[in-house]
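2 protein chains.
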Amino acid sequence: MKNKAITSRDEDFAKWYTDVVKAAKLADYSNVKGCVILEPNGYAIWEKMQAELDKKFKLLGHQNVYMPVLIPESLLKKEGELIAGFAPEGAWVTIGGNKPLEERMMIRPTSETLFSDYYASKVSSYRDLPLLYNQWCNVMRWEKETRPFLRTREFLWQEGHTVHETAKEAEEETLQMLNVYRHFFEDILAIPVITGKKTEKEKFAGAEYTCTVEALMYNGVSLQSATSHYFGQKFSKAYGIQFLNRENKLENAYQTSWGCTTRMIGALIMVHSDDNGLVLPPRIAPRQVVIVPIGTDEEVFTLADQYNKKLIANGISSFVDKTERSPGFKFAEHEVNGIPVRIEIGVRDLAENMITLARRDTREKIKVSKDCDIVEEVSHLMSAIQQNLFESAKKRNDEKTFNAFTLEEVEKIMNTQPGFVKAMWCGDEACELKMKEIRGTKSRCILENEPAISNKCVCCGKEAKHLVVWGIQY
Amino acid sequence: MKNKAITSRDEDFAKWYTDVVKAAKLADYSNVKGCVILEPNGYAIWEKMQAELDKKFKLLGHQNVYMPVLIPESLLKKEGELIAGFAPEGAWVTIGGNKPLEERMMIRPTSETLFSDYYASKVSSYRDLPLLYNQWCNVMRWEKETRPFLRTREFLWQEGHTVHETAKEAEEETLQMLNVYRHFFEDILAIPVITGKKTEKEKFAGAEYTCTVEALMYNGVSLQSATSHYFGQKFSKAYGIQFLNRENKLENAYQTSWGCTTRMIGALIMVHSDDNGLVLPPRIAPRQVVIVPIGTDEEVFTLADQYNKKLIANGISSFVDKTERSPGFKFAEHEVNGIPVRIEIGVRDLAENMITLARRDTREKIKVSKDCDIVEEVSHLMSAIQQNLFESAKKRNDEKTFNAFTLEEVEKIMNTQPGFVKAMWCGDEACELKMKEIRGTKSRCILENEPAISNKCVCCGKEAKHLVVWGIQY
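Residue numbers (my numbering), protein chains in the order written: chain A, 1 to 474; chain B, 475 to 948.
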């Protein structure tokens, strides 16, 4: 009973991934190289992600703004590390209104420069702080190899940018937002994650340090899924964000930024989905329930409408599929699209006063009385699905997480059953580069709250400083 | 009691406008020429506009998608009229990833080309139709003169793009969406509008015809506020959107597009606001009620919190201003920001069991019992404000709408008390060009459902075909 449009996940993971993207109508390739079209099913997931995160951001006092999409080169250059990091990936506007521009402008790859330039004009006293702004927008990075959701030249994201009076407050914000992301991944997306600091080599250009949310895909490949950066005074010095502090002295402000992208849709696919298409945790599914009437009996349609009304009235996103297609066709389509719960109402079941609930994750069918409390049944089932998806992913992560003490062990793991590898590190970039020779293995993050597993660097054998998670990455 | 940061509206309207934008913290100039920064107060209005419109779009069966921001030149050129219209305003990306591009790409000024190219690959049978898509995004047009919200190089908008099986259905969609905009303007923004078709000269490049929503500002200048276009088969022929119709014959599909922008925030300012700052109709105000405790009495704060809780529980956006600033300072700030209702709670009032409600539109203060049903009082007041703003604008529009029968009359009106001028027109573009010599007067739209006021063209005196509304425009 496999969907024929979808390659088996265990056979060819990369092909399976793009098959799911296409079959579930999440995105389509466009005639603009390296850019995809977010189709209704894909964009609806992004809208739900936005709604969930935006609510949390605002509860924590953040406000939304919108900055220009173009950044003049001179403004970009004020802070050296950022431009050095993004220049090779820049898309440059050089002509405007039929004339060559005096100064070329980059389509924003990220907006630290514009926010910092703006903050410099807005901040003059500690009374103006903190400023807690966020924007939802498109950004562009001229990637060579692209893959829908995971890496495209243009993508959608949110970028939070905050300015604070003290380093302590800014560091607390960095950590707070990392935790917002972690909860979002675990509670809403049902994706277990590891969080921690990036190494110097892997941190964001221009940051003092970068905190990251790292997830593990079905095939054992790691995905950097969201980041939260502490900038200290780097940008505030470059852009002149100064304020009179409580001692009436001029001081440079302390900044953070934090972001997540449409890449999270790629993570949803690669963590939960299967050979029958998309699987979505109920809390992020734009449509949570589909009701399929089987046959043309009036009783069937009446009950379908009754259930639908009750579910919607209780905040559950439900719809009735009344199209003139066979039930089998409908089942397959709604499965491909990842709708968590299907209610089947047929005359034969009704003769026994029963209806059928089908859950997408396990594809199990459950018969319940047609007179049940449908809202309670569905809510209960959705909780079970949400929990099962998280626990299945967690179990797989545990199975794919290994301790390694030598380079040979790392090599063996990455070559046979890649996953998260925990190993000690001396702190030397040379060792990171050596690890990279093993199928591109990179440090995911430093685990600051876990005990050391040895005192020697996995690579050079010298004294270890940090326990690090390593992985092959997307 | 005038706000000193704001120039008088009757003294210098243009300066008053930018003063209000700045004082209400709606937008700020950026170091990117021709682009502004949408600040929290301005962006929050846009978010509320998006929420209202998006809900309506979806109720009518539309789905959101996202198309690439860049359009390759060859794709743009497939339909000749559109590119001819937008080429002079294009912002071109010519370098990507440190290399000159083989083909330059324009930052989207609008996305008919990308949608049509996509639809060509998706539509093959009448069963695939209609496709009702919309996107919320940024667009860019390299304007020479810019003004916050009214005309900036980059702006935010929504663009709906639909494909239909028949011309009739597409024309109905064009009209339906025009009416969605009209209702939005009148019911939500409290802005009375005129709707109708644009003349050939003023229609959108590439459209069969364009329907428009036209509003009149406080100073008598017209603002094109939203448009809905019927494309017929123009784009479907250029981009090859063909389907097998019910007679099993290949046919080109019929299309529409419709859009509105952040310009609507400019309209809100120029229709409702005054010398004390922003005035917002309650239905579009992000924050509808502010509660200002006067003094530090516990009773005052307790009551403020009680009211606030009740209002929020009833879906009214309310907050308590507990900052340590003088009541006068707070009143002025909340007035500048256009918060429709202010509740003042002070010890002196409370001694008489009273509180004070202040409405932003008339600045009237009303004493009510502290034991009143606060939700009902505030709801009632908000309805009154909403209605008063609409009626005041309607009255002003009526006063500024004139019939004219000769060019001299048009000239006199436009030079002394500009507004909407109704006048007959022969249909000849030469006459439109002649009208333009009068302070740039342009046709706003053709009034198809109003009786002719004469049978002679206001300009050439020949036989008139249409009753047209004319105006000076932003």
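Here a beta-carbon is modelled for each residue, glycine too, at the ideal position from N, C-alpha and C.
In this text the structure is predicted, and so the values were computed from the model without any measurement.
- With respect to B:K530, B:V695 sits apart: the two C-beta atoms are not nearer than 8 Å.
- Around the beta-carbon of B:L500, 16 or more other beta-carbon atoms lie within 10 Å, marking it buried.
- Boundaries of the alpha helix (DSSP H) harbouring A:P327: 327-336, taken from the DSSP string.
- According to DSSP, B:Q716 shares a beta bridge with B:N726.
- At least 8 Å separates the CB of A:S124 from every CB of chain B.
- Take A:E81, set aside five residues on each side of it, and the residues of its chain with a beta-carbon closer than 8 Å to its own are A205, G206, K234, in chain order.
- Identification of residues in the segment 78-96 of chain A having a C-beta nearer than 7 Å to some C-beta of chain B yields P88, E89, A91, W92, V93, T94, I95, G96, given in sequence order.
- Residues G508, E563, R625, T626, R627 of the same chain have their beta carbon placed closer than 8 Å to that of B:E617, with the five preceding and five following residues left out of the count.
- According to the DSSP assignment, A:E103 belongs to the beta strand (DSSP E) that extends over 99-107.
- Put simply, the CB of A:N449 is far from chain B, with every gap to its CB atoms at 8 Å or more.
- Among the residues facing chain A, B:V495 is not included, as its CB has no counterpart in that chain under 8 Å away.
- For the pair of segments examined, the segment 658-669 of chain B was found to touch the segment 685-704 of chain B: the number of CB pairs separated by less than 8 Å reaches three.
- For A:S443, the enclosing beta strand (DSSP E) covers residues 442-446.
- Interface flag for B:W899 against chain A is unset, since no Cβ pair is found closer than 8 Å.
- Residue pairing by DSSP places A:N314 in no beta bridge whatsoever.
- By a beta-carbon distance limit of 8 Å, B:S747 contacts B:V494. Their separation comes to about 5 Å.
- From the listed residues A:T356, A:I446, A:K462, A:E432, the smallest Cα separation to A:K197 is found for A:I446.
- Using a Cβ-Cβ cut-off of 8 Å, B:V539 counts as an interface residue toward chain A, since at least one Cβ of chain A sits closer than that to its own.
- Chain-order list of chain A residues neighbouring B:D591: N31, by C-beta distance under 7 Å.
- Cβ-Cβ distances below 7 Å link A:I71 to M105, M106, R108, T113, L114 in the same chain, with the five nearest sequence neighbours on each side left out; the list follows chain order.
- Only those residues of the segment 627-638 of chain B whose C-beta falls short of 9 Å from the nearest C-beta of chain A are listed: R627, E628, L630.
- Within the segment 840-907 of chain B, the complete beta strand (DSSP E) runs of at least 3 residues fall at 875-877, 894-899.
- With respect to the 8 Å criterion, A:S317 and A:N308 are not classified as neighbours on the basis of their beta carbons.
- By the C-beta criterion, the segment 463-472 of chain A is judged to be in contact with the segment 425-440 of chain A, since at least 3 inter-stretch pairs fall below 8 Å.
- By the C-beta density criterion, B:R799 is exposed, having fewer than 16 other C-beta atoms within 10 angstroms.
- Taking 8 Å as the cut-off between beta carbons, none of the residues of the segment 733-755 of chain B comes near chain A.
- Under the Cβ criterion (8 Å, minimum of three pairs), the segment 638-649 of chain B does not count as touching the segment 513-522 of chain B.
- By the CB criterion at 8 Å, B:K896 and B:I927 fall inside the cutoff.
- DSSP places A:Y474 in the coil class of the three-state scheme, outside both helix and strand.
- For B:I545, the chain A residues whose Cβ falls inside 8 Å of its Cβ are V32, in order along the chain.
- Nearest neighbour of A:R127 by Cα position, chosen from A:V163, A:T146, A:L156, turns out to be A:V163.
- For B:Q698, no alpha helix (DSSP H) segment is defined; the enclosing uninterrupted segment is the beta strand (DSSP E) at 696-706.
- Assignment of B:H746 by DSSP, reduced to helix, strand and coil, places it in the helix class.
- Under the Cβ distance rule, A:C35 counts among the residues neighbouring chain B, one pair being separated by less than 8 Å.
- A:F185 sits in a helix when the DSSP states are folded into three classes.
- In the DSSP assignment, the residues bridged to B:H635 are B:Y607, B:S731.
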